[in-house]
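In what follows, a structure is listed as C-alpha cells, so that the remarks can point back to it.
In this note's numbering, the protein residues as written are 479 to 680.
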C-alpha cells in the first residue's frame, strides 16, 4: 500500500526533526518524494485522492521546515513553490486542517522581508487577503509576525525588530532558527534604509 509506506516515512521524518537529526530527515525526504512520484502526486491532479493530497502536502511542508532548520533558504523557497498548487486547492479538495500553510507562508514572508523583496512581500500579502482564508488574516500569529517586522522596519524601529527576532515573540522554533539566517539581511536592510533617508532630494 503506497500511502501506508509514505505515512511510515513521514512519521520517521517527524521523529528526526524532533531529535534534530536533519541529515537523516533529508535522506528520508528523498524517499518520500520518490513515493509521491510513484503515486503521481508531486503535483495535484483532478484524480488525486484527498488522502494522497494531504500526504503530498505534508511531505513538502516537512521538506520546507527541514530546509529552514538547515539554514537553507534556497531549498526552502523551492519547497514553497512546490507547495503552492496544493495551497491553491479549495478546502473541499484539501482542507486546511492538518496542514502548516500559515507557518510556511509566514516563514516565506519573513524570507522575502529579510531579502528586501518588498514587492514580493506585498504581492503575497494581497493574495492572502483575497483568499478564502483572508478573514482570519489579522488573527494569524504566523502571518502577523512578519507584517509587524515590516512595519517596524519602515518606521525605523530597528530595536523592535531585533528584540522580536530574539525574544519570546517568535511564533515557533522555525522562526527562531530563521532569525540566524535573516538577521544579517535585516542589518544590511537597516543600513540601506538609513542611507536612503540621509540622501538629499535632487
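Think of the CB as a built atom: it goes at the ideal place given N, C-alpha and C, for glycine as much as any other residue.
Small disclaimer: the values here were computed from a predicted structure and weren't measured.
Candidates the options, of which the one nearest residue i by Cα
{"i": "residue 489", "options": "555, 536 and 586", "result": "536"}
{"i": "residue 426", "options": "529, 580, 534 and 482", "result": "This structure cannot speak to residue 426, because the chain is shown only from 479 to 680."}
{"i": "residue 587", "options": "575, 576, 577 and 601", "result": "601"}
{"i": "residue 487", "options": "498, 524 and 513", "result": "513"}
{"i": "residue 578", "options": "589, 647 and 564", "result": "564"}
{"i": "residue 540", "options": "576, 523 and 525", "result": "576"}
{"i": "residue 523", "options": "566, 618 and 639", "result": "566"}
{"i": "residue 525", "options": "572, 483 and 560", "result": "572"}
Residues of its chain near residue i, where Cβ-Cβ distance is below 7 Å and the 5 sequence neighbours each way are ignored
{"i": "residue 447", "result": "Residue 447 lies beyond the residue range present for the chain, which begins at 479 and ends at 680; the question has no answer from this structure."}
{"i": "residue 615", "result": "606, 607 and 621"}
{"i": "residue 691", "result": "Past the boundaries of the shown model lies residue 691; the chain is included only from 479 to 680, so the question cannot be answered."}
Span separating the alpha-carbon of residue i from that of residue j
{"i": "residue 650", "j": "residue 558", "result": "18 Å"}
{"i": "residue 676", "j": "residue 630", "result": "Here the model assigns residue 676 a pLDDT of 49, short of 50, so the residue's position is not dependable, and the following value carries that caveat. For residue 676 and residue 630, the distance between alpha carbons rounds to 18 Å."}
{"i": "residue 598", "j": "residue 648", "result": "22 Å"}
{"i": "residue 496", "j": "residue 654", "result": "15 Å"}
{"i": "residue 637", "j": "residue 485", "result": "44 Å"}
{"i": "residue 580", "j": "residue 511", "result": "22 Å"}
{"i": "residue 680", "j": "residue 643", "result": "Reliability of the predicted coordinates at residue 680 is poor, the pLDDT of 44 falling under 50, and the value obtained from them is presented with this limitation in mind. Cα-Cα distance, rounded: 36 Å."}
{"i": "residue 652", "j": "residue 516", "result": "30 Å"}
{"i": "residue 584", "j": "residue 493", "result": "24 Å"}
{"i": "residue 518", "j": "residue 593", "result": "34 Å"}
{"i": "residue 552", "j": "residue 595", "result": "14 Å"}
{"i": "residue 555", "j": "residue 498", "result": "21 Å"}
{"i": "residue 604", "j": "residue 626", "result": "15 Å"}
{"i": "residue 570", "j": "residue 634", "result": "43 Å"}
{"i": "residue 589", "j": "residue 568", "result": "26 Å"}
{"i": "residue 617", "j": "residue 508", "result": "35 Å"}
{"i": "residue 623", "j": "residue 574", "result": "20 Å"}
{"i": "residue 550", "j": "residue 500", "result": "12 Å"}
{"i": "residue 527", "j": "residue 491", "result": "23 Å"}
{"i": "residue 591", "j": "residue 582", "result": "14 Å"}
Contact test: residue i Cβ vs the ligand NAD heavy atom, cutoff 7 Å
{"i": "residue 591", "result": "No copy of the ligand NAD appears in this structure; indeed no ligand is present at all."}
Any contact between the segment 536-546 and the segment 500-510? By contact I mean 3 or more CB pairs, one from each, below 8 Å. yes
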